[in-house]
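> Anchor point for the sequence shown: position 101 equals 140 in the working numbering, and the numbering is continuous, going up by one each time.
Okay, here's the structure, questions in a sec.
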Amino acid sequence: MLESQKTRGSKSYCIGYSKTLQKYILSSVVKWIAWYNRYFEISEEEYNYGTDKIELLDEIAGECAEQGVESARYLCSDRDDENETGNRKDTYAALKKGMIPYDGDKLGSLD
């Protein structure tokens, strides 16, 4: 779970902060044979869209999902074969290392 994670279950994404990467993250669920996540960088301003500009955040999430690994925002994925370019394996390892244990009481909703 990311720091300050907020979930938009109806649109299959969540946003939060990674202390290890020092970046705001949009995590998009990819519905494939086995569901997995792709992680994209967003700005602090975009993270804050979750409070009053949810439609803009939905647009960003939609663009990230559509562009996938080709997105300029793309950081890494739960799938190893999508992390073979550049330093994505290291990015994924750092992201996972900084994940905090799941706590439903700390999980915010955007729905």
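No residue lacks a Cβ here, since even glycine has one placed at the ideal position from N, Cα and C.
For S67 versus A111, is the C-beta distance shorter than 9 Å?
Locating residue 67 in the sequence shown gives position 28, where the first residue counts as 1. Locating residue 111 in the sequence shown gives position 72, where the first residue counts as 1. No; because the gap between Cβ atoms is not below 9 Å, this pair is not in contact.
> Give me, in chain order, the residues of the same chain whose beta-carbon lies closer than 6 Å to that of G147; leave out the 5 immediate sequence neighbours on both sides.
Within the sequence shown, numbered from 1, the residue matching residue 147 stands at position 108. K45, listed in sequence order.
> Within its chain, find whatever has a CB closer than 6 Å to the CB of T130; leave out the 5 residues flanking it on each side and keep chain order.
For the purposes of this step, residue 130 is taken as residue 91 along the sequence shown, with counting starting at 1. So the list reads L114 and C115, once near-sequence residues are dropped.
> Which one of Y141, G137, D150 and L149 has the shortest CA to CA distance from K15?
The question about residue 15 has no answer here: the residues shown for the chain are numbered 40 through 150.
> What does C53 pair with, by DSSP beta-bridge criteria?
Along the sequence shown, read from residue 1 onward, the residue named residue 53 stands at position 14. Answer is T46 and S66.
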